[in-house]
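A short write-up of the structure that comes next.
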Amino acid sequence: MKRSYLVLMVSALVLVTTILWLLNTEKPMHISDFVQFGIILVLVGFGVFVGISRLKSGTRREPVEDELSIKILRKASSTAYYISIYMWLGFMYISDKIEWESHRLIGAGILGMAVLFFVSWIFYKTIGMKDV
Amino acid sequence: MYNRIKELRARFNLTQDDLANKVSVRRETIVFLEKGKYNPSLKLAHDISVVFNCRIEDVFLFEENTPGDLKS
């Protein structure tokens, strides 16, 4: 239960911080900023979905986590980490070619890792964990 | 791997929720097992076979063993 509330709190914190950043930024907004905001919204939605489904499991008196959900979580994490190594390598390669500040590049990398985890989680939720 | 969970659950008149509660997993795990999308741990396979009062190999079968080969 505590972890469910923690997931919801972190999601709310990310959303509030992003909205504050959008409202207080003095630089003109580019299309990439809106894309970034859209991705953050999707990830926050994912966090809220996970938090609510954990709370529902608690109220149904079934375990919040079991061997399948833990295996999916671990497999999705390891897959996202594995792919993200190549993503960072790609970022290192393009960092000389594009004029992004380092903090922006790191932000995009962290967001990319979150997206990779989200996609891997959906993937393993769909195909299951047979022969893994 | 093939399993007879759905068939045995119907025979014992258990819902997916009932079985999930008896073996302490989420209902989703039972859904995945019945669809053949998940190969359970030895402990879960044992717990399920205990609920159905039969041996693990009577519930879970490898591809070469067809359902017709089963003991009733």
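If you read the protein sequences in the order shown, they are chains A and B. Here my numbering is used: the first residue of the first sequence is 271, the next is one more, and so on. Here my numbering is used: the first residue of the second sequence is 35, the next is one more, and so on. All residues carry an ideal CB built from backbone N, CA and C; glycine is no exception. These figures come from a predicted structure and were not determined experimentally.
### Query
Taking the alpha-carbon positions, what's the A:Ser327 to A:Gly317 distance?
15 Å
### Task
Return the chain-ordered list of same chain residues with a C-beta closer than 8 Å to the C-beta of B:Asn53, the five sequence neighbours on each side being excluded.
Position check: residue 53 of chain B holds Leu in this sequence, whereas Asn was assumed. Taken in chain order, the residues that qualify are Ile39, Arg43, Ile64, Ile82 and Val85.
### Query
For the candidate residues A:Tyr275, A:Lys400 and A:Leu276, whose alpha-carbon lies nearest to that of A:Ile342?
A:Lys400
### Task
Report the rounded CA-to-CA distance for A:Leu381 versus B:Cys88, giving the unit in angstroms.
49 Å
### Task
Output yes or no for whether 8 Å exceeds the beta carbon distance between A:Leu386 and A:Ser354.
yes
### Query
For B:Ala54, which residues in chain A fall below 7 Å Cβ to Cβ?
Glu332
### Task
Using a threshold of 8 Å, state whether the C-beta atoms of A:Gly321 and A:Ser281 are closer than that.
yes
### Query
Using the C-alpha atoms, what's the distance from A:Lys395 back to A:Arg374?
31 Å
### Query
Within 10 angstroms of its Cβ, does B:Val57 collect 16 or more other Cβ (buried), or is it exposed?
buried
### Task
Could you please give me the residues that DSSP links to B:Tyr72 through a beta bridge?
A:Met399
#### Entry: Where B:Tyr72 meets chain A, residues with beta-carbon distance less than 7 Å
Leu338, Gly398, Met399 and Lys400
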